[in-house]
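Notes follow the structure.
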Amino acid sequence: MPRTTALALSLVALVASEAAAADLELGRTTFAGACAACHGAEAKGDGPMAELISIPVPDLTRIAARNGGEFPWLKVVHLIDGRTGLRGHGGPMPLFGALFADDAAAADAPDGTPVITSARVLALTDYLAAIQAAE
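Take the sequence shown: its letter number 110 is residue 1563 in our numbering, and every next letter is one higher.
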């Protein structure tokens, strides 16, 4: 492989790595600001508001475990942004899609489905995927 090709590929990989790190940081800070009060700082479902909610607050580190070991990326995007049609995610959780509407972004789901939602919803989904408990 020519030197210039190798250098170009290295630069692309570096930029992609930095972008992924920035997205995870956006996801982490979005989680801390919008989710941790109920789901807890470690996403275990034990936030300070959890005791005030009428249904159990789920442990978000076990989404994949509850789904046969696969993280349901597209389903999580839809639950966060509210397009599933479930009122408040099936309970008292607020829908965040409208709150994050000012930063529209597009992505491809793992199955190739095109998704248009908020950059913060995408970053939050990727953050949740990254913190899944090992089985």
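Note that beta-carbon positions come from the ideal geometry of N, C-alpha and C, so glycine has one too.
Expressed to the nearest angstrom, what Euclidean distance is found between the alpha-carbon atoms of Asp1556 and Ile1533? 15 Å
#### Entry: CA-to-CA distance, Gly1522 to Ile1516, given in whole angstroms
8 Å
Fill in: Sub-8 Å separation of Val1529 and Thr1482 beta-carbons
no
Integer Cβ distance of Ala1576 from Val1568, believed to fall under 8 Å:
Their Cβ separation, rounded to whole angstroms, is 13 Å, which puts Ala1576 and Val1568 out of contact at 8 Å.
Name the residue from Ala1582, Ala1490, Val1574, Ala1586 whose alpha carbon lies nearest to the alpha carbon of His1531.
-> Val1574
Cβ-based neighbour list, Ala1562, same chain, cut-off 8 Å, excluding 5 preceding and 5 following
Trp1526, Leu1527, Val1530, Val1568
- Query: Among all the DSSP beta bridges, which residues are the ones paired with Ala1558?
  - Reply: Thr1570
* Asked: In whole angstroms, what separates the C-alpha of Glu1495 from that of Leu1513?
  -> 9 Å
Exercise. Quick one: using the 10 Å Cβ neighbour count with 16 as the cut-off for buried, is Leu1505 buried or exposed?
Key: exposed
Check whether Gly1500 and Cys1491 have beta carbons under 8 Å apart: yes
If you draw a straight line from the C-alpha of Met1502 to the C-alpha of Tyr1580, how long is it? 21 Å
When DSSP labels each residue in this structure, what does Gly1486 get in the three-state scheme? helix
Measure the CB-CB distance between Phe1524 and Ala1582 and report whether it falls below 8 Å. yes
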